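Undergrad:
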Amino acid sequence: MSPGALVTVPGHLQFGDVLLGPGTAFGWQSLTGWEDGPALDSGSVPRADGHGSYPGRLLAQARTITVEGIVIRTEPAQMDRAVRALSAATALRDEEMPLVIRLDSAAPLLSWARCMRRAVPVGVGGYGVGVVRGGALQFEASDPRRYSLTEQYIETRLPQAEPGLDWKTGLAWPLDWGPSGASGNLTARNDGDAPAHPLITFRGPVERPSLTNITTGVVLEYDLVLADGDALVVDTAAGTVTLNGSASRLYTVSPRSVPEQLFTFPPGATDLAFRAAPGSSDPRATATLRYRSAYW
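When we follow this note's numbering, the leftmost residue of the sequence shown carries the number -5, and every step to the right adds one.
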């Protein structure tokens, strides 16, 4: 199931395959940590010879999201089944799962999280009448950013000149201008307010593929040759470089390349250029990027 597939109306909250909110057995009353800014680690250090400190980098900590006032309503004989379904969906696990929340008519947002705490009060008569009140769920997202459900996908090829008119064969109407060329450039748009990490795939045949942020001059470049069918995947969030799904090629980074985790798309439009070593211009070579708009 794709993330957020069950989310259709304001108030829906989906974690894995379980849905809370209108039209379900699970209602909720309050949500904290979702629209709040995450806690920060500050790299500032005190000044040794004056007031204040030297400002350092600010890095966001993991995001904690708490859903409180959960009310479970079922037929009297079905309460245990509903509680078991909630328990299975929020069970202890090592891997993070999609958490999607829609608060109003705006598009829902996505986070990846684990359920760290589940509270389901058991009172006298609650199970018998089919109403349990006062439950709570707490999630922790190691990546504090929230993301658009829509994953963007853009692709470009190495620069190719347009052949233009073939003067040797003569001209006849309609004129045949030949195939269109390619600039090797592309634009990524991040509609959020936080930096987004792209997943970049270079496909051969190409020698020394690179991707440059035209605005900042920041470059990712790898000193290797990709044959036809080879795929070099650069995960800028994880900081990994993998050839054909298994072999690490992080050591092929060129001296002018930045660390992968520093290659992000800030809010707004980012102009990029796909390039290769001189003489490497095979039109089959591509650079593809997948990313989601990111929000604090």
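Just so you know, even glycine gets a beta-carbon here, dropped at the ideal spot from N, CA and C. Remember, predicted model here, so these are calculated numbers, not experimental data.
So, at 6 Å on beta carbons, what are the nonlocal neighbours of residue 276 in its own chain, with the 5 sequence-adjacent residues on each side left out?
TA: Along the sequence shown, read from residue 1 onward, the residue named residue 276 stands at position 282. Counting only Cβ-Cβ distances below 6 Å, and skipping sequence neighbours, we find 199.
Undergrad: Under a Cβ-count criterion, where at least 16 other Cβ atoms within 10 Å of its own Cβ denotes burial, should residue 204 be classed as buried or exposed?
TA: Translated into positions along the sequence shown, residue 204 becomes position 210. The residue is buried, with at least 16 neighbouring Cβ atoms inside 10 Å.
Undergrad: Kindly identify the DSSP beta-bridge partner or partners of residue 227.
TA: In the sequence shown, residue 227 corresponds to position 233, counting from 1. According to DSSP, which records beta bridges pairwise, residue 227 is partnered with 195 and 236.
Undergrad: Is the region 66 to 75 in contact with the region 43 to 57, if contact means three or more CB pairs nearer than 8 Å?
TA: Judged by Cβ distances under 8 Å, the region 66 to 75 makes no contact with the region 43 to 57, as fewer than three pairs qualify.
Undergrad: Which same chain residues end up closer than 6 Å to residue 16 when comparing Cβ atoms and leaving out the 5 residues on each side of it in sequence?
TA: The sequence position of residue 16 within the sequence shown is 22, counting from 1. Only 3 and 5 meet the Cβ criterion.
Undergrad: Which same chain residues end up closer than 6 Å to residue 141 when comparing Cβ atoms and leaving out the 5 residues on each side of it in sequence?
TA: Numbered from its first residue, the sequence shown carries residue 141 at position 147. 104, 286 and 288, listed in sequence order.
Undergrad: So residue 108 is in the beta strand (DSSP E); what residue range does that whole segment cover?
TA: For this step, residue 108 is matched to residue 114 along the sequence shown. Per DSSP, residue 108 belongs to the beta strand (DSSP E) from 103 to 113.
Undergrad: Among residues of its own chain, excluding the 5 on either side of residue 219, which ones have a beta-carbon nearer than 6 Å to its beta-carbon?
TA: As a position in the sequence shown, residue 219 is number 225, starting the count at 1. Excluding positions up to five away in sequence, the list reads 201.
Undergrad: Can you check which of these residues, 79, 37, 251 and 49, is closest to residue 211 by C-alpha distance?
TA: Here residue 211 is taken as the residue at index 217 of the sequence shown, counted from 1. Considering only alpha carbons, the answer is 251.
Undergrad: Count the CB pairs spanning the region 109 to 118 and the region 32 to 39 that are closer than 8 Å, and state whether there are at least three.
TA: Segments in contact, no.
Undergrad: Figure out for me which residue from 235, 224, 189 and 14 has the closest Cα to the Cα of residue 216.
TA: In the sequence shown, the residue the question calls residue 216 occupies position 222. That would be 235, whose Cα lies nearest to the Cα of residue 216.
Undergrad: Quick one, which of 1, 58, 28 and 153 has its alpha-carbon nearest residue 180's?
TA: Taking the first residue of the sequence shown as 1, we reach residue 180 at position 186. Comparing Cα-Cα distances from residue 180 to each of 1, 58, 28 and 153, the minimum goes to 153.
Undergrad: Along the beta strand (DSSP E) that carries residue 125, what are the first and last residues, could you check?
TA: Residue 125 sits at position 131 when you count from the first residue of the sequence shown. Unbroken beta strand (DSSP E) run through residue 125: 125 to 135.
Undergrad: Helix, strand or coil: how does DSSP classify residue 246 here?
TA: Start at 1 with the first residue of the sequence shown, and residue 246 comes out as number 252. Residue state, collapsed to three classes: helix.
Undergrad: Per DSSP, what kind of secondary structure is residue 269 in: helix, strand or coil?
TA: By 1-based counting over the sequence shown, the position of residue 269 is 275. Residue state, collapsed to three classes: strand.
Undergrad: Between 188, 72 and 147, which lies nearest to residue 194 when the distance is taken from Cα to Cα?
TA: Position 200 of the sequence shown holds residue 194. It is 147.
Undergrad: Would you tell me roughly how many angstroms separate the C-alpha atoms of residue 125 and residue 228, rounded to the nearest one?
TA: Stepping through the sequence shown from its first residue, residue 125 is reached at position 131. Stepping through the sequence shown from its first residue, residue 228 is reached at position 234. Rounded to the nearest angstrom, the two C-alpha atoms are 50 Å apart.
Undergrad: For residue 262, which residues does DSSP report across the bridge?
TA: Taking the sequence shown and counting its residues from 1, one reaches residue 262 at position 268. Its beta-bridge partners are 184.
Undergrad: Taking DSSP as the reference, what is the three-state secondary structure of residue 176?
TA: On the sequence shown, residue 176 is found 182 positions in, with the first residue counted as 1. Reduced to three states, the DSSP call for residue 176 is strand.
Undergrad: Is it a yes or a no for the region 129 to 144 touching the region 52 to 59, going by three-plus beta-carbon pairs under 8 Å?
TA: Yes, since at least three Cβ pairs between the region 129 to 144 and the region 52 to 59 fall closer than 8 Å, the two stretches touch.
Undergrad: What are the boundary residues of the alpha helix (DSSP H) that includes residue 341?
TA: Outside the displayed span of the chain (-5 to 290) sits residue 341, for which this structure offers no information.
Undergrad: Could you check where the beta strand (DSSP E) with residue 285 kicks off and where it finishes?
TA: As a first step, residue 285 must be located in the sequence shown, where it is residue number 291. 280 to 285 is the extent of the beta strand (DSSP E) around residue 285.
Undergrad: Thinking just about the alpha-carbon of each residue, which of 188, 84 and 131 is nearest to the one in residue 62?
TA: Here residue 62 refers to the residue found at position 68 when the sequence shown is read from its first residue. The shortest Cα separation from residue 62 among 188, 84 and 131 belongs to 131.
Undergrad: Just the Cα atoms here: how many angstroms apart are residue 9 and residue 187?
TA: Here the question's residue 9 lines up with position 15 in the sequence shown. Here the question's residue 187 lines up with position 193 in the sequence shown. Whole-angstrom Cα-Cα distance: 24 Å.
Undergrad: Should residue 178 and residue 267 be called a contact, given that it needs their Cβ atoms to be closer than 9 Å?
TA: Walking along the sequence shown from the start, residue 178 turns up at place 184. Walking along the sequence shown from the start, residue 267 turns up at place 273. In contact: residue 178 and residue 267 (Cβ atoms closer than 9 Å).
Undergrad: CA-CA distance, residue 12 and residue 79?
TA: Residue 12 sits at position 18 when you count from the first residue of the sequence shown. Residue 79 sits at position 85 when you count from the first residue of the sequence shown. Cα-Cα distance, rounded: 8 Å.
Undergrad: Once DSSP output is grouped into helix, strand and coil, what is the label at residue 254?
TA: Taking the first residue of the sequence shown as position 1, residue 254 is located at position 260. Here residue 254 sits in helix by DSSP.
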